[in-house]
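A.B. asks:
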């Protein structure tokens, strides 16, 4: 498990770095602050699509982390039509003698909003995106990333301690 977990940690860190890049893109354009310029940016259809793509990518990064954990630690990846939701729920659950929960219930609630948005983003035309929904996700972006990173670091620490003992 030591070598396998080292690989898991490396892959998780790669995805966390991707999340940092996405955060930097939004921050560099002033989209994480509630400013009049953000409202103006989101009234531009092209800009709205670009921001939607970044929010889509954010949830994809989080889900990639969860797929890595499900595959290499849980050795059980959900399937079927609801697998995205089942994976999210699996990550918020302690699995006896395997691992502690990966994300808190609060993180699950926040991420579930991004999961729902990603589904919409993939299945509608970009000109049908709703600026208010994207604004809400931008408002949640910093707190969601903060909680996700705290949860992941706590999970890694607990796993390291369990492996060491």
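In the numbering used here, the protein residues as written are 16 to 180.
Yeah, the Cβ is synthetic: ideal placement off N, Cα and C, and Gly gets one too.
1. Quick one: any contact between the region 30 to 40 and the region 107 to 114, if contact means 3 or more CB pairs under 8 Å?
2. Under a three-way DSSP split, which group does residue 110 fall into?
3. Have a look at residue 48 and residue 159 and give me their C-alpha separation to the nearest angstrom.
4. Can you tell me whether residue 30 is buried or exposed? The criterion is at least 16 other CB atoms within 10 Å of its CB, across all chains shown.
5. Excluding five sequence neighbours on each side, which residues of the same chain lie with their C-beta closer than 8 Å to the C-beta of residue 109?
6. Report the three-state DSSP secondary structure of residue 49 (helix, strand or coil).
7. By DSSP, does residue 129 sit in helix, in strand, or in coil?
8. Would you call the region 50 to 65 in contact with the region 145 to 158, where contact means no fewer than 3 C-beta pairs closer than 8 Å?
9. Helix, strand or coil: how does DSSP classify residue 90 here?
10. Output the distance between the C-alpha atoms of residue 41 and residue 176, rounded to the nearest integer angstrom.
11. Are the CB atoms of residue 71 and residue 136 within a distance shorter than 7 Å?
12. Give the DSSP-derived three-state secondary structure of residue 35 in the structure shown.
13. Classify residue 78 as buried or exposed, calling it buried when 16 or more other Cβ atoms lie within 10 Å of its own Cβ.
14. So, residue 163 versus residue 122, is the Cβ gap smaller than 7 Å?
15. Residue 155: which of 93, 173, 132, 169 sits nearest, CA to CA?
C.D. replies: Reading from the atomic positions:
1. no
2. Taking the chain shown and counting its residues from 1, one reaches residue 110 at position 95. Looking at residue 110 - three-state DSSP - the assignment turns out to be strand.
3. Position 33 of the chain shown holds residue 48. Position 144 of the chain shown holds residue 159. Cα to Cα, the separation comes out at about 15 Å.
4. Locating residue 30 in the chain shown gives position 15, counting from the first residue. It is buried - the Cβ of residue 30 has at least 16 other Cβ atoms within 10 Å.
5. Walking along the chain shown from the start, residue 109 turns up at place 94. Same-chain partners within the cutoff: 115, 116.
6. Numbered from 1 along the chain shown, position 34 holds the residue referred to as residue 49. Residue 49: coil per DSSP, three-state reduction.
7. For the purposes of this step, residue 129 is identified with residue 114 of the chain shown, where counting begins at 1. Three-state result, residue 129: helix.
8. They touch, by the three-pair rule.
9. Locating residue 90 in the chain shown gives position 75, counting from the first residue. Reduced to three states, the DSSP call for residue 90 is coil.
10. As a first step, residue 41 is located in the chain shown; it is residue number 26 there, counting from the start. As a first step, residue 176 is located in the chain shown; it is residue number 161 there, counting from the start. In a straight line, the C-alpha of residue 41 is about 35 Å away from that of residue 176.
11. Position 121 of the chain shown, counted from the start, is the residue given in the question as residue 136. Position 56 of the chain shown, counted from the start, is the residue given in the question as residue 71. Cβ distance < 7 Å, so residue 136 and residue 71 count as in contact.
12. Your numbering for residue 35 matches position 20 in the chain shown. Helix, per DSSP.
13. Residue 78 sits at position 63 when you count from the first residue of the chain shown. So residue 78 counts as buried.
14. Working through the chain shown from its first residue, we reach residue 163 at position 148. Working through the chain shown from its first residue, we reach residue 122 at position 107. Cβ atoms of residue 163 and residue 122: closer than 7 Å.
15. In the chain shown, residue 155 corresponds to position 140, counting from 1. Nearest of 93, 173, 132, 169 to residue 155, Cα basis: 132.
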